[in-house]
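Since the structure comes first, as structure tokens, the remarks are kept for the end.
Number of protein chains: 2
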Amino acid sequence: MGSVAWKQLLLNALETNNHLKHSSYMQLATIGTNGTPSNRTVVFRGFQDNTDNFQINTDTRTRKIEELKVCSSAEICWYFTDSWEQFRINGSIDIIDGLNPDPLKLQQREKSWFASSLRSRSQYLRPNPGLPCLNEQAQPDISLDPSTGPVDAFCLLILEPNQVDYVNLKNNQRLTFKLSVSEAENKSWIVTRVNP
Amino acid sequence: MGSVAWKQLLLNALETNNHLKHSSYMQLATIGTNGTPSNRTVVFRGFQDNTDNFQINTDTRTRKIEELKVCSSAEICWYFTDSWEQFRINGSIDIIDGLNPDPLKLQQREKSWFASSLRSRSQYLRPNPGLPCLNEQAQPDISLDPSTGPVDAFCLLILEPNQVDYVNLKNNQRLTFKLSVSEAENKSWIVTRVNP
Numbered sequence: 254m255g256s257v258a259w260k261q262l263l264l265n266a267l268e269t270n271n272h273l274k275h276s277s278y279m280q281l282a283t284i285g286t287n288g289t290p291s292n293r294t295v296v297f298r299g300f301q302d303n304t305d306n307f308q309i310n311t312d313t314r315t316r317k318i319e320e321l322k323v324c325s326s327a328e329i330c331w332y333f334t335d336s337w338e339q340f341r342i343n344g345s346i347d348i349i350d351g352l353n354p355d356p357l358k359l360q361q362r363e364k365s366w367f368a369s370s371l372r373s374r375s376q377y378l379r380p381n382p383g384l385p386c387l388n389e390q391a392q393p394d395i396s397l398d399p400s401t402g403p404v405d406a407f408c409l410l411i412l413e414p415n416q417v418d419y420v421n422l423k424n425n426q427r428l429t430f431k432l433s434v435s436e437a438e439n440k441s442w443i444v445t446r447v448n449p
Numbered sequence: 254m255g256s257v258a259w260k261q262l263l264l265n266a267l268e269t270n271n272h273l274k275h276s277s278y279m280q281l282a283t284i285g286t287n288g289t290p291s292n293r294t295v296v297f298r299g300f301q302d303n304t305d306n307f308q309i310n311t312d313t314r315t316r317k318i319e320e321l322k323v324c325s326s327a328e329i330c331w332y333f334t335d336s337w338e339q340f341r342i343n344g345s346i347d348i349i350d351g352l353n354p355d356p357l358k359l360q361q362r363e364k365s366w367f368a369s370s371l372r373s374r375s376q377y378l379r380p381n382p383g384l385p386c387l388n389e390q391a392q393p394d395i396s397l398d399p400s401t402g403p404v405d406a407f408c409l410l411i412l413e414p415n416q417v418d419y420v421n422l423k424n425n426q427r428l429t430f431k432l433s434v435s436e437a438e439n440k441s442w443i444v445t446r447v448n449p
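Protein chains in written order, with the numbering used here: chain A, 254 to 449; chain B, 254 to 449.
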């Protein structure tokens, strides 16, 4: 019920802002390994099947993987520049790399690999991100066979939300949605209208 | 030297993206009081005088103040949607509210108050942000005398950066700038070109 509500708000925002390339860009905050916050832009890759879970593709060699292995908590801040809506999505992240023992998860990873463009896929073959650049020249684009499956560096992140804070700056409405799990493991969302 | 470099890149980005209202919006990540990350959009209010420090206005009643009192570390993620540039600015935040004992800091706070629009200022008179909304109707805009000084809820945040990560998605260049402080307290920035 509450789930439908925040998800529907988000789907509406995605549609309203669809004409802007950057509308799928969100900021993902994690806890750095030194205990200080870490924050970067990532791309929303859709919801996982029929769930409320957010999919993000990333490189296993980036710092966020190291960080999420220590603390799986994360918060997405997603601001839609045309409709003036902000979603803050707090939850925990499951890392699905090529060594994942669950065949279903590996399938998800493969699906996400083939769903992304060839250009996106070829980025996973580039030198280790974040490490000093040894070659002063721009790296040439690496060509990749379209039938090649996910490479080692490719990783799928699944964020399972437990809290969503929504604010609309056009009408000054703010809502918070909190996940409530009963003893019988039934999930429901509790929605509260709060001051902006 | 390195300072000039990242600040100049940022000033250039601000100029290039100046036609977009949202170009002054950045995402600020902090550590939540429960140890999970917290992330929200804030507005860049310029640099503090002749320093590299970022100014942000906020309401003392928001959760970020509570969080910053426990852990002053923060990371800004600032993505410029027209020039495809991202700045990740890591540092620590000084909270300047009306009870600050330093007269110079109180002066800064007052300056920041009068530098913001009357509409922005009047928001600090609204009901406690984040608390359940007791009135179903939209709150009327509260009028505020232009000569009224900063109200209790108004707070200036100063982020002093110690690391900046810059990436340009158009030319695939990435640079990291790290603050180095010598034994004699001399500050310098060390810049490294890294893989994007």
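Even for Gly, the Cβ is constructed at its ideal location relative to N, Cα and C.
What's the gap between the Cα of Ala-437/A and the Cα of Asn-303/A?
Here residue 437/A refers to the residue found at position 184 of the first sequence. Here residue 303/A refers to the residue found at position 50 of the first sequence. Approximately 21 Å, taken between the alpha carbons.
Within chain B, partners of Leu-384/A - CB distance below 8 Å:
Reading the first sequence from its first residue, position 131 is the one you call residue 384/A. Here the neighbours are Val-447 and Asn-448.
Less than 8 Å between the C-beta atoms of Asn-415/A and Asn-306/A, yes or no?
Indexing the first sequence from 1 puts residue 415/A at position 162. Indexing the first sequence from 1 puts residue 306/A at position 53. One thing to note: Asn-415/A has its Cβ no nearer than 8 Å to the Cβ of Asn-306/A.
Of all the residues that make up the region 289-300 of chain A, which are near chain B by a beta-carbon distance shorter than 9 Å?
Thr-289, Pro-290, Ser-291, Asn-292, Arg-293 and Thr-294
DSSP has Lys-431/A in a bridge; who is on the other side?
Translated into the one-based positions of the first sequence, residue 431/A becomes position 178. The partner list for Lys-431/A (beta bridge, DSSP) reads Gln-416/A and Ile-443/A.
Between which two residues does the beta strand (DSSP E) containing Pro-290/B stretch?
Numbered from its first residue, the second sequence carries residue 290/B at position 37. Element bounds for Pro-290/B: 290-296.
Reference Phe-300/B; option with closest CA among Thr-313/B, Ser-326/B, Lys-364/B and Pro-290/B:
Along the second sequence, read from residue 1 onward, the residue named residue 300/B stands at position 47. Comparing Cα positions, the closest option is Lys-364/B.
If you drop the 5 nearest sequence neighbours on each side, which residues of the same chain put their C-beta closer than 6 Å to that of Val-447/A?
Within the first sequence, residue 447/A is the residue found at index 194, counting from 1. Close CB contacts of Val-447/A within its chain, under the 6 Å cut and outside five residues either way in sequence, are with Arg-427 and Thr-429 (chain order).
The beta strand (DSSP E) spanning Phe-367/B covers which residue range?
Your numbering for residue 367/B matches position 114 in the second sequence. Per DSSP, Phe-367/B belongs to no beta strand (DSSP E); it is in the alpha helix (DSSP H), 356-368.
Measuring CB to CB, does Ile-348/B end up less than 8 Å from Leu-412/B?
As a first step, residue 348/B is located in the second sequence; it is residue number 95 there, counting from the start. As a first step, residue 412/B is located in the second sequence; it is residue number 159 there, counting from the start. The answer is no: Cβ separation not under 8 Å.
Near Phe-297/B, what residues of its chain come up, given a Cβ to Cβ distance below 6 Å and the 5 sequence neighbours on each side ignored?
Residue numbering aside, residue 297/B sits at position 44 when the second sequence is read from its first letter. Closer than 6 Å at the Cβ level, and outside the excluded window around Phe-297/B, lie Ser-277 and Met-279.
Kindly say whether Ser-365/A, judged by its beta-carbon, lies nearer than 8 Å to any beta-carbon of chain B.
Here residue 365/A is taken as the residue at index 112 of the first sequence, counted from 1. It does not; no Cβ of chain B falls within 8 Å.
Just curious, the alpha helix (DSSP H) that Ile-318/A is in, first and last residue?
For the purposes of this step, residue 318/A is taken as the residue at position 65 of the first sequence. First-last of the alpha helix (DSSP H) with Ile-318/A: 316-323.
Starting from Leu-371/A and walking both ways along the alpha helix (DSSP H), at which residues does that stretch end?
As a working note, residue 371/A is residue 118 in the first sequence. Its alpha helix (DSSP H) spans residues 371-375.
Segment limits, beta strand (DSSP E) that includes Ile-309/B:
As a first step, residue 309/B is located in the second sequence; it is residue number 56 there, counting from the start. Unbroken beta strand (DSSP E) run through Ile-309/B: 307-312.
Test item: CB-CB of Leu-371/B and Pro-354/B under 8 Å
Your numbering for residue 371/B matches position 118 in the second sequence. Your numbering for residue 354/B matches position 101 in the second sequence. Taking 8 Å as the Cβ cut-off, Leu-371/B and Pro-354/B do not qualify as a contacting pair.
Given that a residue counts as buried once 16 or more other Cβ atoms are within 10 Å of its Cβ, and exposed if not, what is Thr-283/A?
Locating residue 283/A in the first sequence gives position 30, counting from the first residue. Counting Cβ neighbours within 10 Å, Thr-283/A comes out buried, since at least 16 surround it.
Expressed to the nearest angstrom, what Euclidean distance is found between the alpha-carbon atoms of Met-254/A and Asp-350/B?
Position 1 of the first sequence, counted from the start, is the residue given in the question as residue 254/A. Position 97 of the second sequence, counted from the start, is the residue given in the question as residue 350/B. For Met-254/A, the predicted structure reports a pLDDT of 46, less than 50, and the residue's modelled location is therefore unreliable. The matter cannot be settled from this model.
Look at the alpha carbon of Leu-352/A and the alpha carbon of Lys-423/A, and state the distance between them as a whole number of angstroms.
Here the question's residue 352/A lines up with position 99 in the first sequence. Here the question's residue 423/A lines up with position 170 in the first sequence. Computed Cα separation, rounded: 46 Å.
Assigned secondary structure, Thr-283/B (DSSP; H/G/I helix, E/B strand, else coil)
By 1-based counting over the second sequence, the position of residue 283/B is 30. Here Thr-283/B sits in strand by DSSP.
Residues of its chain near Cys-408/A, where Cβ-Cβ distance is below 6 Å and the 5 sequence neighbours each way are ignored:
Walking along the first sequence from the start, residue 408/A turns up at place 155. Here the set comprises Thr-311, Thr-313 and Asp-350.
Which first and last residues belong to the beta strand (DSSP E) in which Cys-330/B is found?
Translated into positions along the second sequence, residue 330/B becomes position 77. Cys-330/B -> beta strand (DSSP E) spans 326-333.
What is the residue span of the beta strand (DSSP E) that Asp-347/A lies within?
Position 94 of the first sequence, counting from 1, holds the residue named residue 347/A. Asp-347/A -> beta strand (DSSP E) spans 338-349.
In whole angstroms, what is the alpha-carbon distance linking Ser-369/B and Gly-402/B?
Taking the first residue of the second sequence as 1, we reach residue 369/B at position 116. Taking the first residue of the second sequence as 1, we reach residue 402/B at position 149. Using only the alpha carbons, I get a separation of about 12 Å.
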